[in-house]
Amino acid sequence: MLTEKQNNKKRFVKTIAVASGKGGVGKTNVVANLAIAMTACDMNVMILDADLGLSNIDVLLHLAPRNNIQHVLSGEMSLRDVVIEGPHGIKILPASSGVQELTALDEFQRLKIMEEFEAYDNDVDVLLIDTAAGISENVAFFCIAAQEIVIVTSPEPTAITDAYALIKVLCTRYQEKEFHVLVNSVKSPEEGCEVFRRLSSATEKFLNISLDYLGDLPFDEAVPRAVRAQKAFIDAYPNTPPSRRIREMALKFSGQGTKVKGTLQFFIGNLLSASTHL
Ligand SMILES: Nc1ncnc2c1ncn2[C@@H]1O[C@H](COP(=O)(O)OP(=O)(O)O)[C@@H](O)[C@H]1O
Ligand SMILES: [Mg+2]
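Just so it is clear: in the sequence shown, position 127 is 130 by the working numbering, and no numbers are missing.
Encoded structure:
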């Protein structure tokens with residue numbers, strides 16, 4: 004249990020789920036690099052790797068997690084034994100197959116996991132969630148619990164259609180109305196704007212919601228080069244256009260106007276109660 008003094012110091016945490024309709028559009032790169040850019044804005048960042056199928060934040064950042072959230076759920080370990088440290092002090096919580104279990108916890112496990120997260124409340128300002136691609140219940144679970152949802156798409160028509168399909172499900176089935184859109188791998192800012200315009204005109208017409216344009220990330224050879232070197236591109240190639248754009252996005256999230264509500268524990272509470280709405 005926390006003492007009253009510790010309680011008073013609790014931070015508010017911003018929770019951001021990064022999702023996409025289609026795989027391979029750059030979600031994991033966005034999460035890893037945005038996390039690093041946020042640390043430069045004096046934010047303490049935790050990444051929840053919730054991509055069950057292709058969890059690869061650890062591969063991207065050349066880390067080797069030995070444990071995952073499943074070990075916490077089974078009571079074998081505490082969260083502190085599972086969370087690993089990445090570049091710039093980023094905390095990474097490998098979820099792997101434990102993610103599936105989060106949706107089906109009994110009361111004892113819920114309390115246990117809430118208590119574990121309570122211990123982290125004072126260390127984390129931002130929780131970034133790298134979700135799986137597509138429209139699984141699992142993705143919905145993280146999106147509805149987070150305060151902000153970033154939808155990543157590439158300019159490919161199939162990626163745009165899948166992004167629309169994901170937004171549609173989150174809107175019609177789960178009443179989500181606010182989405183940020185990031186268009187990755189663009190040839191020009193105009194191409195990014197055009198993709199955003201197509202997506203937002205569809206959501207305005209058919210779903211009656213307007214989207215927020217977070218911005219674009221240019222296509223740049225530095226990205227796959229950094230991936231091959233198992234480094235974040237913002238560290239390996241800090242002066243390339245994608246690195247500059249990611250820093251601008253981090254600033255946008257660190258500025259005012261984004262919703263800050265609740266502690267990390269509050270998010271986990273949301274997350275666990277979200278499972279009852281699926
Ligand atoms: N802005 C970009 N410019 C060039 N290549 C990119 C860019 N963003 C992503 N990629 C390439 O796409 C691949 C998939 O990215 P990744 O972040 O793993 O996608 P996801 O997590 O959505 O599956 C990366 O390995 C990288 O080579
Ligand atoms: Mg990924």
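All C-beta atoms in this analysis are idealised placements derived from N, C-alpha and C, irrespective of residue type, glycine included.
Inset, instruction - For the segment 34 to 44 and the segment 166 to 180, state whether three or more C-beta atom pairs, one from each stretch, are separated by less than 8 Å. - result: no
Legend entry - Whether L131 touches V48 by CB criterion (8 Å): Residue 131 sits at position 128 when you count from the first residue of the sequence shown. Residue 48 sits at position 45 when you count from the first residue of the sequence shown. Taking the C-beta atoms as reference points, V48 is found nearer than 8 Å to L131.
Inset, instruction - Assign P221 to buried or exposed, taking buried as 16 or more other Cβ atoms, counted over all protein chains shown, within 10 Å of its Cβ. - result: Numbered from its first residue, the sequence shown carries residue 221 at position 218. Classification of P221: buried, given that the 10 Å Cβ count is 16 or more.
Legend entry - Pairwise C-alpha distance: D219 and E119: The sequence position of residue 119 within the sequence shown is 116, counting from 1. The sequence position of residue 219 within the sequence shown is 216, counting from 1. Roughly 36 Å between the two C-alpha positions.
Legend entry - Backbone secondary structure at K255 - three-state DSSP: Working through the sequence shown from its first residue, we reach residue 255 at position 252. Note: K255 maps to helix in three-state DSSP.
Legend entry - Coil, strand or helix - L105 by DSSP: Position 102 of the sequence shown, counting from 1, holds the residue named residue 105. Here L105 sits in helix by DSSP.
Legend entry - beta-carbon N59 near ligand 2 non-hydrogen atom, thresh 7 Å: Within the sequence shown, numbered from 1, the residue matching residue 59 stands at position 56. Yes, Cβ of N59 sits closer than 7 Å to a heavy atom of ligand 2.
Inset, instruction - Under 8 Å by Cβ, that's how I've got L114 and L274 pegged, so tell me the actual separation to the nearest angstrom. - result: Position 111 of the sequence shown holds residue 114. Position 271 of the sequence shown holds residue 274. Between the beta-carbon of L114 and that of L274 there is about 14 Å, and that puts the pair past the 8 Å contact cut.
Legend entry - C-alpha gap between A253 and S191, whole angstroms: Residue 253 sits at position 250 when you count from the first residue of the sequence shown. Residue 191 sits at position 188 when you count from the first residue of the sequence shown. A253 and S191 have their alpha carbons spaced roughly 20 Å apart.
Inset, instruction - Using only alpha-carbon positions, find the residue among I50, D215, S213, S77 that is nearest to K17. - result: Along the sequence shown, read from residue 1 onward, the residue named residue 17 stands at position 14. Distances from the alpha-carbon of K17 to those of I50, D215, S213, S77 put I50 closest.
Inset, instruction - Return helix, strand or coil for Q9, following the three-state DSSP convention. - result: Position 6 of the sequence shown, counted from the first residue, corresponds to residue 9. Caution is warranted here: a pLDDT of 44 is assigned to Q9, below 50, making its placement in the model unreliable, and no coordinate value can be reported.
Legend entry - Assigned secondary structure, P241 (DSSP; H/G/I helix, E/B strand, else coil): Sequence index remark: in the sequence shown, residue 241 carries index 238 (1-based). It is coil, neither helix nor strand.
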